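Residue numbers (the working numbering), protein chains in the order written: chain A, 18 to 118; chain B, 106 to 405.
Right, dumping it as structure tokens:
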């Protein structure tokens, strides 16, 4: 996926995902954890995660565990990039301005 | 179907769906998404939650493939690259290809059948070929009861000497063994004379037979016999205990004229174990054997 800073089409579900990450921007969340926080169906969630990653707002990496000792497969963890954090904050700020205006 | 088998089936269907969904995504992503989705699948607790996730992943592939196509097409600068990508996208652009539609149809049919089995409506809506099944109980005379022989004392042979006190009653030798119970009867104790008849032994025996919950006809008419148009009446002998369970394998007393029908009758008789009505004697269930007829009839 490209890491360039691109515009992302904002939808309610995308905002929910960004909000989940903005609660603690240093958090690394798997798709299952984002689903638990946002209650977004997987058919919508994963395209959003990939879209934000392609736009450079997210980066992802594999969880550093040994699946055999952990007893479960490794998860793909997403976290906000500095660019993503900045852009997401701007998005929410613009929404707040719009609401307050 | 037990709940464990159901959950196992759902899990396998979910994993299969995830693998299929991942294969539908563009090549660089397919392996990664398969592993990622399977890991998230393992994090779900319930089977239906996993199945929902898998269906969602399958649905997500359309969005992912579409966005990927758009990105690739936009990045392509040369006409050759554009035509190659158009070819690639053309192969994957059909929303419901024949293969996908068939797969979804099969999954839907399986889900419908499973739901039908789960709620128990199959017996109401799934009618097999018109078959009719009747059970006729044979009211046989109860088998003779083996009771110990009751000694009949010959009380007329008792001679009483009026000159002697009653205490000195003498009895002639009774050729038959005397029943102690009869000696203790009040009439005897009073020293009266006359013929004493023993109280009759009355056993109220009610013959058993197929009872409530006995298997239905639709399940045991052999399909091979239906195809051949075979019908007939098989007489089956079954030995059951007081709780209505078979104590031995049932046997065919009279064949229905076809080994297939006989096998069906025996299968039915075995399947009905636990649903037989036990024979009762004076209201108490007892072990017994009896025969009943099973009619396989293609009419109606």
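For each residue, glycine too, the CB sits at the ideal point set by N, CA and C.
Small disclaimer: the values here were computed from a predicted structure and weren't measured.
Residue i to residue j span [Cα, whole Å]
i, j, result
"residue 311 (chain B)", "residue 381 (chain B)", "13 Å"
"residue 362 (chain B)", "residue 203 (chain B)", "49 Å"
"residue 114 (chain B)", "residue 106 (chain A)", "45 Å"
"residue 284 (chain B)", "residue 400 (chain B)", "At residue 284 (chain B), the pLDDT of 47 sits below 50, so the modelled position is not reliable; the number obtained from the coordinates is stated separately. Roughly 51 Å separates the two Cα atoms."
"residue 79 (chain A)", "residue 45 (chain A)", "11 Å"
"residue 387 (chain B)", "residue 153 (chain B)", "54 Å"
"residue 145 (chain B)", "residue 378 (chain B)", "47 Å"
"residue 191 (chain B)", "residue 131 (chain B)", "Because residue 191 (chain B) carries a pLDDT of 48, less than 50, the predicted location of this residue cannot be relied on, and no value is offered for it."
"residue 367 (chain B)", "residue 360 (chain B)", "6 Å"
"residue 40 (chain A)", "residue 51 (chain A)", "12 Å"
"residue 208 (chain B)", "residue 90 (chain A)", "28 Å"
"residue 77 (chain A)", "residue 92 (chain A)", "10 Å"
"residue 205 (chain B)", "residue 221 (chain B)", "24 Å"
"residue 84 (chain A)", "residue 143 (chain B)", "13 Å"
"residue 340 (chain B)", "residue 110 (chain B)", "37 Å"
"residue 122 (chain B)", "residue 31 (chain A)", "25 Å"
"residue 373 (chain B)", "residue 402 (chain B)", "15 Å"
"residue 155 (chain B)", "residue 348 (chain B)", "44 Å"
"residue 86 (chain A)", "residue 175 (chain B)", "41 Å"
"residue 69 (chain A)", "residue 97 (chain A)", "9 Å"
"residue 94 (chain A)", "residue 317 (chain B)", "60 Å"
"residue 172 (chain B)", "residue 219 (chain B)", "36 Å"
"residue 75 (chain A)", "residue 101 (chain A)", "6 Å"
"residue 129 (chain B)", "residue 120 (chain B)", "14 Å"
"residue 212 (chain B)", "residue 116 (chain B)", "14 Å"
"residue 71 (chain A)", "residue 214 (chain B)", "38 Å"
"residue 111 (chain A)", "residue 210 (chain B)", "46 Å"
"residue 385 (chain B)", "residue 308 (chain B)", "10 Å"
Contact check, residue i vs residue j, beta carbons under 8 Å
i, j, result
"residue 327 (chain B)", "residue 365 (chain B)", "yes"
"residue 395 (chain B)", "residue 330 (chain B)", "no"
"residue 59 (chain A)", "residue 162 (chain B)", "yes"
"residue 398 (chain B)", "residue 338 (chain B)", "yes"
"residue 48 (chain A)", "residue 335 (chain B)", "no"
"residue 119 (chain A)", "residue 34 (chain A)", "Lying before the first or after the last residue shown, residue 119 (chain A) is absent from chain A, which here runs from 18 to 118."
"residue 345 (chain B)", "residue 383 (chain B)", "yes"
"residue 392 (chain B)", "residue 356 (chain B)", "no"
"residue 165 (chain B)", "residue 63 (chain A)", "yes"
"residue 54 (chain A)", "residue 37 (chain A)", "yes"
Given residue i as reference, the closest of the options once Cα atoms are compared
i, options, result
"residue 43 (chain A)", "A:108, A:54, A:99, A:110", "A:99"
"residue 118 (chain B)", "B:207, B:222, B:157, B:138", "B:157"
"residue 169 (chain B)", "B:135, B:159, B:150, B:404", "B:135"
"residue 137 (chain B)", "A:27, A:67, A:62, A:32", "A:67"
"residue 159 (chain B)", "B:173, B:220, B:126", "B:126"
"residue 313 (chain B)", "B:172, B:389, B:129", "B:389"
"residue 73 (chain A)", "A:110, A:88, A:103", "A:103"
"residue 371 (chain B)", "B:325, B:385, B:223, B:129", "B:325"
"residue 167 (chain B)", "A:61, A:112, A:109", "A:61"
"residue 224 (chain B)", "B:108, B:350, B:376", "B:108"
"residue 150 (chain B)", "B:139, B:112, B:354, B:133", "B:112"
| For the segment 322–405 of chain B, which segments carrying the alpha helix (DSSP H) assignment without a break, of at least 4 residues, lie completely within its bounds, in sequence order? | 328–333, 364–376
| task | Starting from the N-terminal side, write out each stretch of the beta strand (DSSP E) that is 3 residues or longer and does not extend beyond the segment 116–169 of chain B. | result | none
| field | Every unbroken alpha helix (DSSP H) inside the segment 49–115 of chain A [4 residues or more] | value | 59–71, 84–87
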